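Below is one structure, written out as structure tokens, with a few remarks after it.
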Amino acid sequence: MPIVVNLDVMLARRKMSLTELSERVGITIANLSILKSGKAKAIRFSTLEEICKILDCQPGDILEYMERGDYNRLMRKAG
Amino acid sequence: MLQRKWPVVALAVSLAAFFYFYNDMSMKETPGSIATSISTSDADSSFNYLYASLQISDSTPYYQYKKMADSFGQMQTMRRLENRSISHGGVTYGFIGVNRIRRYENLHTANDDDSSFRYYISLGGYELPAESFFFIQNGTYNVGYVSWDSVQQYEDRPVHMGHHERKRIPVRFNSEDGRVLIPISKRQYDAFNTGLQATYISFSVVMLFFFLGLPAQVLINISKGRAFDLKNIRYLNWVAIGLLVYALLDISAPYLVRFYFSSEIPSDFTRATFWQTILEQFWTFFGAAAFFMIAKAFKRGYKLQQEQDLTI
Numbered sequence: 008m009p010i011v012v013n014l015d016v017m018l019a020r021r022k023m024s025l026t027e028l029s030e031r032v033g034i035t036i037a038n039l040s041i042l043k044s045g046k047a048k049a050i051r052f053s054t055l056e057e058i059c060k061i062l063d064c065q066p067g068d069i070l071e072y073m074e075r076g077d078y079n080r081l082m083r084k085a086g
Numbered sequence: 633m634l635q636r637k638w639p640v641v642a643l644a645v646s647l648a649a650f651f652y653f654y655n656d657m658s659m660k661e662t663p664g665s666i667a668t669s670i671s672t673s674d675a676d677s678s679f680n681y682l683y684a685s686l687q688i689s690d691s692t693p694y695y696q697y698k699k700m701a702d703s704f705g706q707m708q709t710m711r712r713l714e715n716r717s718i719s720h721g722g723v724t725y726g727f728i729g730v731n732r733i734r735r736y737e738n739l740h741t742a743n744d745d746d747s748s749f750r751y752y753i754s755l756g757g758y759e760l761p762a763e764s765f766f767f768i769q770n771g772t773y774n775v776g777y778v779s780w781d782s783v784q785q786y787e788d789r790p791v792h793m794g795h796h797e798r799k800r801i802p803v804r805f806n807s808e809d810g811r812v813l814i815p816i817s818k819r820q821y822d823a824f825n826t827g828l829q830a831t832y833i834s835f836s837v838v839m840l841f842f843f844l845g846l847p848a849q850v851l852i853n854i855s856k857g858r859a860f861d862l863k864n865i866r867y868l869n870w871v872a873i874g875l876l877v878y879a880l881l882d883i884s885a886p887y888l889v890r891f892y893f894s895s896e897i898p899s900d901f902t903r904a905t906f907w908q909t910i911l912e913q914f915w916t917f918f919g920a921a922a923f924f925m926i927a928k929a930f931k932r933g934y935k936l937q938q939e940q941d942l943t944i
């Protein structure tokens, strides 16, 4: 889907690891990995709220909308 | 709005089609009453004494009359028994089978030699018109039918006048089971017997797998918490396809076999119409449709579960 999750970008900016984020937010590393890799189908507002609180950012910093063509190119590059 | 009304429309169309075809078949099966008068002589031996009665003069002593009456009664019983063409062995699977029938002279014997029997392939689902009948005479197979002569007026209503005629046919007939019996040799009987049993066993195994094994596997998967699984969806689709294939085979196979034996079976014998055959399989088609719909529901459930699982 054309919504890209830039979680790794925010983690790098805040110099935080995925493990630390998972411990502080209360979500398993497996679920965070699903979110980071773009395989997630949906995210609860409560989860987004917790992530934004821990990373001190806005939802728009983590979630980005892309056109379908650009998204497919990005996925091909990542794959 | 249209999507919400779709199941109701589909249900209404299905019910209407069912009742239309059911009503159409019922009307064809119940002809209107027509007054008829068919004459056949009591002494007529043309139909193997089927309509005959014992002719005895008044001067016949009682003991002699009793002897003749018993003998005549026994002969009539034997003839009727032979005409019924009851099987004394063989196998029947649905519309096709192989049968062996005792020869007339062996009807009341316990002799089980091959020579004591006649052998046949039997094809089911046949019937003779109401006024026609099958009988055996001197080892030949015959059909008695009505030949209509004239229409006469009797008390202000028409009466069709006719008489029985006969013709020889190459096949035997069991009117109780509606089976046409095509004569074959002992060797052909053994070959068909083996082939039919092997086919039946294979077919039964396949049917058990599709209609018992797969649904059982689906239930087992559900009990293990894997309800909306791709495997379950695949199995449910297979069950639906299996039912559909079974219904189509059950409709087409008798027609194919009949076509193969068309030169043997006289046109006097009639079968159910094509639409009647389709109607007989209504519940099988309904079952296939039901399984397809359940598979669709499970597929939707699978997608919802995926979304739920991948909701963080």
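In order, the protein sequences belong to chains B and X.
Quick note on our numbering: the first sequence kicks off at 8 and runs consecutively.
Quick note on our numbering: the second sequence kicks off at 633 and runs consecutively.
Just so it is clear, CB atoms sit at the ideal spot from N, CA and C, and this is done for glycine as well.
These numbers were taken from a predicted model, which means no experiment stands behind them.
Got a sec: is the Cβ-Cβ distance from residue i to anything in chain X below 9 Å?
i                      : result
residue 25 of chain B  : no
residue 46 of chain B  : yes
residue 42 of chain B  : yes
residue 79 of chain B  : no
residue 62 of chain B  : no
residue 131 of chain B : Outside the shown range of chain B (8 to 86) lies residue 131 of chain B, about which nothing can therefore be said.
residue 31 of chain B  : no
residue 39 of chain B  : yes
residue 34 of chain B  : yes
residue 51 of chain B  : yes
From this set, the options, which residue's C-alpha is nearest residue i's C-alpha?
i                      : options                    : result
residue 747 of chain X : X:819, X:836, X:810        : X:819
residue 924 of chain X : X:857, X:870, X:850, X:732 : X:870
residue 66 of chain B  : B:56, B:78, B:75           : B:56
residue 932 of chain X : X:944, X:895, X:711, X:864 : X:864
residue 774 of chain X : X:745, X:813, X:689        : X:813
residue 868 of chain X : X:805, X:722, X:928, X:723 : X:928
residue 934 of chain X : X:944, X:904, X:859        : X:859
residue 54 of chain B  : B:83, B:29, B:21           : B:29
residue 27 of chain B  : B:76, B:64, B:72, B:58     : B:58
residue 862 of chain X : X:699, X:811, X:930, X:817 : X:930
residue 947 of chain X : X:885, X:810, X:881        : Only positions 633 to 944 of chain X appear in the structure, and residue 947 of chain X is not among them; the question remains open.
Checking contacts by CB at 9 Å: is residue i closer than that to chain B?
i                      : result
residue 944 of chain X : yes
residue 913 of chain X : no
residue 938 of chain X : yes
Check this for me: beta carbons of residue i and residue j, under 9 Å apart or not?
i                      : j                      : result
residue 17 of chain B  : residue 68 of chain B  : yes
residue 873 of chain X : residue 920 of chain X : yes
residue 771 of chain X : residue 736 of chain X : yes
residue 734 of chain X : residue 751 of chain X : no
residue 875 of chain X : residue 843 of chain X : yes
residue 718 of chain X : residue 753 of chain X : no
residue 942 of chain X : residue 37 of chain B  : no
residue 801 of chain X : residue 714 of chain X : no
residue 807 of chain X : residue 760 of chain X : yes
residue 14 of chain B  : residue 60 of chain B  : no
residue 25 of chain B  : residue 40 of chain B  : yes
residue 73 of chain B  : residue 12 of chain B  : no
residue 758 of chain X : residue 897 of chain X : yes
For residue i, which residues from the same chain have a beta carbon less than 6 Å from its beta carbon, with the 5 sequence-adjacent residues on both sides left out?
i                      : result
residue 776 of chain X : 679, 765, 796, 798
residue 790 of chain X : 783
residue 879 of chain X : 913, 916, 917
residue 804 of chain X : 717, 773, 813
residue 825 of chain X : 730
Any heavy atom of the ligand FAD closer than 8 Å to the CB of residue i?
i                      : result
residue 926 of chain X : Although the ligand FAD was asked about, the structure shown includes no ligands whatsoever.
Reducing DSSP to helix, strand and coil, say where residue i ends up.
i                      : result
residue 761 of chain X : coil
residue 747 of chain X : helix
residue 49 of chain B  : strand
residue 769 of chain X : strand
residue 942 of chain X : coil
residue 902 of chain X : strand
residue 700 of chain X : helix
residue 71 of chain B  : strand
residue 726 of chain X : coil
residue 981 of chain X : Missing from the structure shown is residue 981 of chain X; chain X here goes from 633 to 944 and no further.
residue 919 of chain X : helix
Report all residues from its chain with a CB closer than 7 Å to the CB of residue i; omit the five preceding and five following residues, and keep chain order.
i                      : result
residue 847 of chain X : 871
residue 849 of chain X : 867
Tell me which residues share the same chain as residue i and place their Cβ nearer than 8 Å to its Cβ, disregarding the 5 neighbours each side in the sequence.
i                      : result
residue 651 of chain X : none
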